[in-house]
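Numbering (my numbering), first residue to last: 985 to 1911.
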């Protein structure tokens, strides 16, 4: 360079440097016109080494930058061959400590890029990295300069990135032409801009936290995505994770820009999916049509060679069709759904802001429409974090999580056992309409009307889903003519483990959702779920202690479903474990015992439950617990609407099944005397009941036992025992029924229950007299008052009743009684009544010995439970309006010390506790 130009470029004043640059531009233009490229090379090297790289001379660096820009402008079309010398020093100045140097570097690069245009793209990574840092520069002028340069580079990239090939590669162009002729070789390698080389830089920069840099990155991502031929969406997994983190940025501009970019990516993925499915189905329909035509031609032509020729022509036609198909933009784009789903699942796991979580949930919902078969392997991980989100404190997150849950469950439900989706799909992606969540919300059993037999929840006891489940294929390939895809199946082991861990979640909604999922999975593949239930079963049993009733109900449905599809050994083990749980957790038995028993009876066979529990209780060593459990089961047997059929079966002892069932219950019911007596009343075994009353006289009548008798009297006034009250009208057919009820009357102290039972018996005593008393008494002394006659009849009736009470249960009674009745028939049927009485006597003796060291057996729990749910059933809303005197509970009952706790907890109709306590303790009650 001339000395004058060198001095001007080194001047501290910008105007003089500018004059020097203009002179230099004129010189280089002249040299370029004269083809003196060697001198131009030396001038550029001098500008770089003596000026642009003069680190400690800021004026010289500024001069060098403006000189390089002038040289670039002067070179024009010849600039490409010198860019390797011109660009690096300018890039080096971007990191100078002096803000003015950084600004002039932006200005210089702007002028160079404006001339070079597409030729600057090979240096795109370096320029992008520099702009990424300058976008967050502390100096406003530098930021403005960087913004101008950024706009220019964006314009160049949007115009040239997809197609521009550098002039320097023009010598290689003839060699590449042959490669480009093949349709699959449209690779970015020969172009000046390479997306593959840029992505590592983007992947590194995507984790910045500066809001200006984030805005800069989102802008570039949006621009590159808008260039059709680049197909940035194919590389989306490389930077999607970092992009989701931008949503939690407090800067509103960053959030809005990121939301828009993610929306565009998702729309593009959906569009590509629709295009591919449409092309696939159109090809499938054409191939099906050609197959039908070829089949018809084959049927016409019987000669084998002709058929082969037709097939060959058919394949040729297929090639013609595929070659004639119009190319649709996007049909060749490959989207890596699997890697994207891994990122989305990781987002659910990390403690993100609600916006990021919401967007991740929204993407998963869309992917369940786009490629549900690829979402399926991620289902266990998704469920582990999705179900807790359903109990989020943010309404929008709860709604989004519920949408994902419903869509995922619908898809899993739609996978049929035969290995194909149970519904034919249309050309576009469609949502399966069935929602198992609605079915669960409507409370079980509605699913018996469901068209999918593989998941219907039947209550029939013999139902077995024994078929081995086969892995279902992808969701959208209903016919075998589609391209083969790897079949995927739900990882049942991982899913069950994830759902079981959610039992420990603090939120009720999450626990209910986890049990709903397990219910559905077990309906679909009982053997697969049972294969991993070693740790699940104890967890399900423990969940019965859950404070939420909805959780317990769903848990019982699942346990019932597992038991229904398992053998007797599993069912017996379940009942034994349930009894063990009740034995160790008496609070659970008190608060949830009735709910658990009734819910199991709804889902399973009540007779099977009662038989198994009776067998288990008969072997029970803890006499106190056995008595409590029998009382609980008996209360439900008498009052529960779910057990109405079981009560009908008990009344029919003529059949062998009815007899064995009665005997099985009787042997375990012996632990509780009043329950055994009520069982005989239910079964209409009145003679046996009367014999039990005679044994009652040998037992110690505790307050608890009297309270149970009191409640039994109340139950006798309920609709369950309507048949018994009507049988009082037939004393000749049911003679021992009178004895049973009068025996109860004799056991009770004179309380409201005593008055109620007495009124009931008095109302039918005259009918009893008509059949029992001799006719000579009917017509005599009509002038006497009605009261005296009635009392005489009563005395006469009681005398005869007393006389007949000494007859043995196996012998025929007096001639006035019809002994060809039910009980005689039962004797012939095989029930050994005497053995049952001996069993009752021995069990009660064992109970008496067991409770002697610790005092009376205070069944306070059984009382409370019987009051809570046994008597509070909907079937007996009018129990309070008994025909006896009103209940008068005194504040301070005079009960014995050992029985005060039971007396205090009882709220039965034994209202006059002072009288009751006196009667039990032997004291004279006060009038």
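Every residue, glycine too, gets a C-beta built ideally from N, C-alpha and C. In this text the structure is predicted, and so the values were computed from the model without any measurement.
Query: C-beta atoms of residue 1217 and residue 1176 nearer than 8 Å; Result: no
Query: Limits of the alpha helix (DSSP H) - the one that residue 1529 falls within; Result: Premise fails: residue 1529 is in no alpha helix (DSSP H) and is neither H nor E.
Query: Cutoff 8 Å; reference residue 1636; Cβ partners in own chain excluding five residues on either side; Result: 1642
Query: Reduced DSSP secondary structure (H/G/I, E/B, other) of residue 1712; Result: coil
Query: Which listed residue (1255, 1378, 1473 and 1339) has its alpha carbon closest to that of residue 1356; Result: 1473
Query: Run of the alpha helix (DSSP H) containing residue 1504, from where it starts to where it stops; Result: 1492-1508
Query: Per-residue DSSP class, three states only, for residue 1699; Result: helix
Query: Distance between residue 1607 and residue 1556 (C-alpha atoms, nearest Å); Result: 21 Å
Query: Close Cβ partners of residue 998 (< 6 Å) along its chain, the five nearest in sequence each way excluded; Result: none
Query: Residue nearest to residue 1631 in terms of C-alpha spacing, selected from 1369, 1227 and 1704; Result: 1704
Query: Simplified DSSP assignment, three categories, for residue 995; Result: coil
Query: Test item: CB-CB of residue 1228 and residue 1344 under 8 Å; Result: yes
Query: Exposed unless 16 or more other CB atoms sit within 10 angstroms - verdict on residue 1816; Result: exposed
Query: Where residue 1399 sits in the DSSP three-state scheme; Result: strand
Query: Exposure label - residue 1689; buried when at least 16 CB within 10 Å; Result: buried
Query: Reduced DSSP secondary structure (H/G/I, E/B, other) of residue 1735; Result: coil
Query: Among 1371, 1126 and 1476, the one whose alpha carbon lies nearest that of residue 1511; Result: 1476
Query: With 16 other Cβ atoms within 10 Å as the buried cut-off, status of residue 1369; Result: buried
Query: Residue 1004 to residue 1087 span [Cα, whole Å]; Result: 19 Å
Query: Buried versus exposed call for residue 1694 [16 or more other C-beta atoms within 10 Å across all chains shown]; Result: buried
Query: Alpha-carbon to alpha-carbon, residue 1015 and residue 1021; Result: 7 Å
Query: Secondary structure of residue 1816, DSSP reduced to three states; Result: coil
Query: Sequence-distant residues of its chain with Cβ nearer than 8 Å to residue 1563 (five each side left out); Result: 1597, 1600, 1601, 1604 and 1613
Query: Length at least 4, wholly inside the region 1312-1364: the alpha helix (DSSP H) runs in chain order; Result: 1321-1333, 1338-1354 and 1356-1359
Query: Residue 1912 burial status per 10 Å Cβ neighbour count (16 or more: buried); Result: Past the edges of the chain, shown from 985 to 1911, lies residue 1912, and the structure says nothing about it.
Query: Beta carbon of residue 1012 nearer than 8 Å to that of residue 1055; Result: yes
Query: N-terminal and C-terminal residue of the alpha helix (DSSP H) that residue 1634 is part of; Result: 1628-1635
Query: Own chain partners of residue 1126 with C-beta closer than 8 Å, once the 5 adjacent residues on each side are dropped; Result: 1083, 1086, 1087, 1090 and 1118
Query: Residues near residue 1333 in its chain [Cβ-Cβ closer than 6 Å; skip 5 each side]; Result: 1369
Query: Beta-carbon contacts of residue 985 that lie in its chain and below 7 Å, excluding the five residues immediately before and after; Result: 1008, 1027 and 1030
Query: Residue range of the unbroken alpha helix (DSSP H) whose run includes residue 1680; Result: 1670-1680
Query: 6 Å Cβ shell around residue 1391 - same chain, five flanking residues per side excluded; Result: 1349 and 1352
Query: 6 Å CB neighbourhood of residue 1672 in its chain, flanking five on each side removed; Result: 1664 and 1817
Query: Neighbourhood of residue 1534 by C-beta, 8 Å cutoff - its chain only, sequence neighbours within 5 removed; Result: 1492 and 1496
Query: Candidates 1383, 1208 and 1273, of which the one nearest residue 1338 by Cα; Result: 1383
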